[in-house]
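**Q** Attaching a single structure in structure tokens format; questions to follow.
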Amino acid sequence: MDKGRASELLITDRKVCLTFVVGEGRKPLGEKLVASDLNFKSLDSTKAALSSDQPALVGVETQPLKEMVRIQNDFSRRRMMLQRNVTNPQKRAKKLRERRGRQRNRVRDALHKLSTRQVKENPSFVFEDLKGIRKNGGEKKRSRRFRTYLNRWPYRLYQSMVEYKSTNRTIYVSPRGTSSERPVCGGRLEHPAWAVSRCVKCGVDYDRDRLASMAILCRALRLCGRPFAVSADASWQSFKDEYLYTPATPESGRAGRTKAANAPNGDVYESTHF
Ligand SMILES: [Zn+2]
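Residue numbers are given in my numbering: position 193 of the sequence shown equals residue 1414, and the series is strictly consecutive.
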């Protein structure tokens, strides 16, 4: 599964050190990179073409994962009902196990469909490498991203499905700080609301997940030896507006990003255990 995976990336001000794990059967690099930020409500992807000398942005998209949200909320609800209604602890544990098994199968099915759809254009996919993330501790203890790592098996599963379905290479980059990295102008980012990445230097509010996918792309391009200077790039100018934070409205076509679905302590994150 992990053939030819970049295992470690160290970036300092002046140099980039990269360790590769090279195995047999290495797949070629696609003509296009699709860098995805996965969270349980949406899949945010920044796409870049590698065909010319200079990498160029060719798209950014948000795919709402309504089915995944539904599966999780169903499970939370049923688990609560079991806890309330089944008093015998052994019986309850057994029922919970069964429920969890069914939950996992539903998640697996949903991820199969999603990955098959995503792989159709067959670019090289870029993901955050979630293997290095420790389960407990770490600087970002209370952040949304940290919470998602508590239940990272669906992400890992999705990544491995994409990796094996794609005929092109899948690239993994270090996951640390992709939501506080400053891919555009280098200004420090703040998060006045969970979905917002505000550039302290320019005062611009970016969509956090989309900007994170841009940061993931930038890391991958550095890995490939094709560094990308975002703010100086012409393709960035034409896509810039797509990265701006817009409070969701029902008509915005980004219905998966409503306030309720995005609430940091909502159903989705705190009460779901796979
Ligand atoms: Zn800025």
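C-beta atoms are modelled at their ideal positions from N, C-alpha and C, and glycine is treated no differently.
Ordered along the chain, which non-local residues of its own chain (more than five positions away) have a Cβ less than 6 Å from that of A1270?
**A** K1253, A1277, V1279
**Q** Using a 10 Å radius around the Cβ and a threshold of 16 neighbouring Cβ atoms, would you call M1302 buried or exposed?
**A** Counting C-beta atoms within 10 angstroms of its own C-beta, M1302 has fewer than 16 neighbours from the protein chains shown and is therefore classed as exposed.
**Q** Give the secondary structure of F1460 by DSSP, where H, G and I count as helix, E and B as strand, and everything else as coil.
**A** helix
**Q** If you run the structure through DSSP and keep just helix, strand and coil, what is Q1275?
**A** coil
**Q** By DSSP, does C1423 sit in helix, in strand, or in coil?
**A** It is coil, neither helix nor strand.
**Q** Drop a sphere of 10 angstroms on the beta-carbon of Q1536, count the other beta-carbons inside from all chains shown, and report buried for 16 or more, exposed for fewer.
**A** Because the chain in this structure spans residues 1222 to 1495, residue 1536 falls outside the shown range and cannot be described.
**Q** Do S1418 and Y1379 come within 8 Å of each other at the CB atom, strictly closer than that value?
**A** For Y1379 and S1418, no; Cβs fall outside 8 Å.
**Q** Drop a sphere of 10 angstroms on the beta-carbon of P1448, count the other beta-carbons inside from all chains shown, and report buried for 16 or more, exposed for fewer.
**A** exposed
**Q** Return yes when at least one heavy atom of ligand 1 lies under 7 Å from the C-beta of V1405, else no.
**A** yes
**Q** Measuring straight from C-alpha to C-alpha, what distance separates T1467 and E1282?
**A** 14 Å
**Q** Where do the ends of the beta strand (DSSP E) carrying T1267 lie?
**A** Unbroken beta strand (DSSP E) run through T1267: 1263–1270.
**Q** Below 8 Å between beta carbons: does that hold for T1388 and K1262?
**A** no
**Q** Does at least one heavy atom of ligand 1 sit under 7 Å from the Cβ of V1328?
**A** It does not: the Cβ of V1328 is nowhere closer than 7 Å to a heavy atom of ligand 1.
**Q** How should V1347 be labelled, buried or exposed, when 16 other C-beta atoms within 10 angstroms of its C-beta is the threshold for buried?
**A** buried
**Q** Taking 8 Å as the threshold (C-beta atoms), are A1416 and R1429 in contact?
**A** Yes, the pair counts as a contact, with Cβ atoms nearer than the cut-off.
**Q** Determine the DSSP secondary structure at K1253, reduced to helix, strand or coil.
**A** strand
**Q** DSSP state of G1408, grouped into three classes?
**A** coil
**Q** Which of the three DSSP states is assigned to E1342 in this structure?
**A** E1342: coil per DSSP, three-state reduction.
**Q** Which complete beta strand (DSSP E) runs does the region 1279–1307 hold, if anything under 3 residues is left out?
**A** none
**Q** Of the residues W1457, S1381, E1342, which one's Cα is nearest the Cα of L1332?
**A** Selected option, being the one with the closest Cα: S1381.
**Q** From which residue to which residue does the beta strand (DSSP E) around Y1496 run?
**A** No answer is possible for residue 1496: it lies beyond the span of the chain, which begins at 1222 and ends at 1495.
**Q** With distances taken Cα to Cα, identify the nearest neighbour of S1273 among G1251, K1334, F1460.
**A** Of G1251, K1334, F1460, the residue nearest in Cα terms is G1251.
**Q** Can you say whether E1345 is buried or exposed, counting buried as having 16 or more other CB atoms within 10 angstroms of its CB?
**A** With the sequence shown as reference, residue 1345 is identified as Ser, and Glu is not the correct amino acid for it. Buried, by the Cβ-count rule.
**Q** From Y1393, R1373, R1327, V1307, pick the residue whose C-alpha is nearest to that of S1434; which is it?
**A** Here the closest residue by C-alpha is Y1393.
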